[in-house]
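Undergrad: Have a look at this one before I ask anything.
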Amino acid sequence: MTLTVAGLKVRLGFSWILLTLFLIWSLAQSYFPTSYLGLENRTYWWMALIGAAGFLGSLLFHEWAHAAVARRRQFPAAASTLFLFGGVADTNTEPPDPRTEYAIALAGPISSFGLAAVWYAAFEVGYRANFPLAVLGIFGFLAFANTLLGGVNLIPAFPLDGGWLLRAWLRRRNNDLRQATRRACLAGSLCGFVFMMAGFVQIITGHILAGVWWFVLGFFLRETAGASYYRMVAQTTLASMAIRRIMTPDPVTVSSDTSVQRLVEDYFHRSFHNMYPVMEDARLIGCVGPKQISAVPRERWAELTARDLTIPCSKDNTIDVDSDTEAALSLMNKTGNSRLLVVDGGRLAGIVTLKDLSQFLTLKLNVKPAS
Ligand SMILES: [Zn+2]
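Below you can see the structure in the form of structure tokens.
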């Protein structure tokens, strides 16, 4: 499920529905009845519903603050996937410098503490003005929830905001993004483990509901920390690798006067390449693939030549030898071409395929972080 709030795209996973239901139940059956005595059962359920909605709103506000700062710093996040204690931004690139990363990360907890202060103030005013207990209860819960949201997010463990701060700090010190991310993710994993253990201890000592919450939070932290690391490796290694290093150099080419008949028999039937660069007088003029061949009737194969079927070189099917793998991947994504001609000043240097990219990525991802 994807929501768009104030220009911020937010994804909610299926687990979120379960967690929200569990939150409502926890509030109605445990939190409100033990903190605000003497109300009707029905009232507790109403308070829980409004409280849970308020909590979701608080999370969105927190995420919105991150996004607003990111946008101001020319580093917009495409979307953000909400998890229990905030979101994980789905950005396509890493923040350009540690300073920007600090600012974006801090915006979340600061906004949550700010919101908590507003709810505390509302509680105080309401208390003096003799507001109904149920209303005070909701104000109190939202003050508490936002304080918790800001506080937990300051723990230096990925993907919590504190983890981003830790990473920015490490990156500033050692100037090594990958190592910094690895450490911040390890901290996340470890912190998740500690939370799960703490939850377990609470459960066996009888604090079942609180224990389950800590356990779930720990589990999410561990999962997300691992996934964040892999995604970062995928992004940075792809971005940093030059096409020159993973392309197939000196590919088999086809002369433009080759008949389509021969093209099929000698090239497409013999090797299993799906695209051939077409050359005319040692000059690259474009490429030809099975799609172009199947577009002409078989009877005409003898009279037509490769030149007739060639798709001319264009921005959609060529890429410069000095560009990086990320550029190749986004071009493939945009055009649907899984094979690109790699050119070096107009001259054919090689071919790069989606398979080359994915093999390269798989290789990188299998170099796992030590844990
Ligand atoms: Zn945050």
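For the record, in the sequence shown the residue sitting at position 166 is 174 according to the numbering used here, with numbers rising by one throughout.
Where is the CB? At the ideal position from N, CA and C, for every residue including glycine.
Which value, in whole angstroms, describes the spacing of the CA atoms of N100 and L144?
TA: With a pLDDT of only 45 at N100, under the threshold of 50, the placement of this residue in the model should not be trusted; the figure read from the coordinates follows. About 42 Å.
Undergrad: Give me, in chain order, the residues of the same chain whose beta-carbon lies closer than 7 Å to that of Y128; leave out the 5 immediate sequence neighbours on both sides.
TA: Correct list, in chain order: A151.
Undergrad: Return helix, strand or coil for S302, following the three-state DSSP convention.
TA: Here S302 sits in helix by DSSP.
Undergrad: Assuming the contact rule is C-beta atoms closer than 8 Å, D258 and G354 should be a hit. Round their C-beta distance to whole Å, please.
TA: Between G354 and D258 the Cβ distance is about 17 Å, and since that is not below 8 Å, they are no contact.
Undergrad: State the Cα-Cα distance for the pair S267 and N282, rounded to the nearest angstrom.
TA: So the alpha carbons of these two residues sit roughly 17 Å apart.
Undergrad: By the three-class DSSP mapping on this structure, what secondary structure does Y44 have?
TA: If DSSP states are grouped into helix, strand and coil, Y44 belongs with coil.
Undergrad: What is the rounded straight-line gap between the Cα of I118 and the Cα of P164?
TA: Cα to Cα, I118 sits roughly 15 Å from P164.
Undergrad: What's the gap between the Cα of T232 and the Cα of V304?
TA: Rounded to whole angstroms, T232 to V304 spans 51 Å at the Cα level.
Undergrad: Ends of the beta strand (DSSP E) at V286?
TA: V286 -> beta strand (DSSP E) spans Y284 to E288.
Undergrad: Closer than 7 Å to a non-hydrogen atom of ligand 1 - does that hold for the CB of D169?
TA: Yes, the Cβ of D169 comes within 7 Å of a heavy atom of ligand 1.
Undergrad: Among W24, G148, N154 and F223, which has the Cα closest to the Cα of Y135?
TA: Comparing Cα positions, the closest option is G148.
Undergrad: How long is the line joining the alpha carbons of A314 and R239, rounded to whole angstroms?
TA: Each residue's Cα considered, the two are about 42 Å apart.
Undergrad: Identify, in the order they occur along the chain, each residue of the same chain with its Cβ nearer than 6 Å to the Cβ of R252, setting aside the five sequence neighbours on each side.
TA: So the list reads V329, once near-sequence residues are dropped.
Undergrad: Would you be able to state if there are at least three C-beta pairs under 8 Å between the segment 336-350 and the segment 358-368?
TA: In short, these stretches touch, since the Cβ pair count reaches three.
Undergrad: Near T256, what residues of its chain come up, given a Cβ to Cβ distance below 8 Å and the 5 sequence neighbours on each side ignored?
TA: If we look at T256 and ignore the five residues flanking it on each side, its Cβ neighbours are G358, I359, V360, T361 and D364.
Undergrad: Are G59 and I146 closer than 8 Å when you measure CB to CB?
TA: Yes, Cβ-Cβ distance for G59 and I146 is below 8 Å.
Undergrad: Helix, strand or coil: which one does DSSP assign to R81?
TA: Correct three-state label for R81: coil.
Undergrad: If I measure Cβ to Cβ from R308 and keep anything under 7 Å in the same chain, skipping five residues before and after, which residues do I get?
TA: There are no such residues.
Undergrad: Give the list of continuous alpha helix (DSSP H) stretches no shorter than 4 residues that lie fully inside the segment 212-297.
TA: Whole alpha helix (DSSP H) segments, 4+ residues: 216-248 and 251-254.
Undergrad: Is the Cβ-Cβ distance between T108 and R79 less than 8 Å?
TA: Cβ atoms of T108 and R79: not closer than 8 Å.
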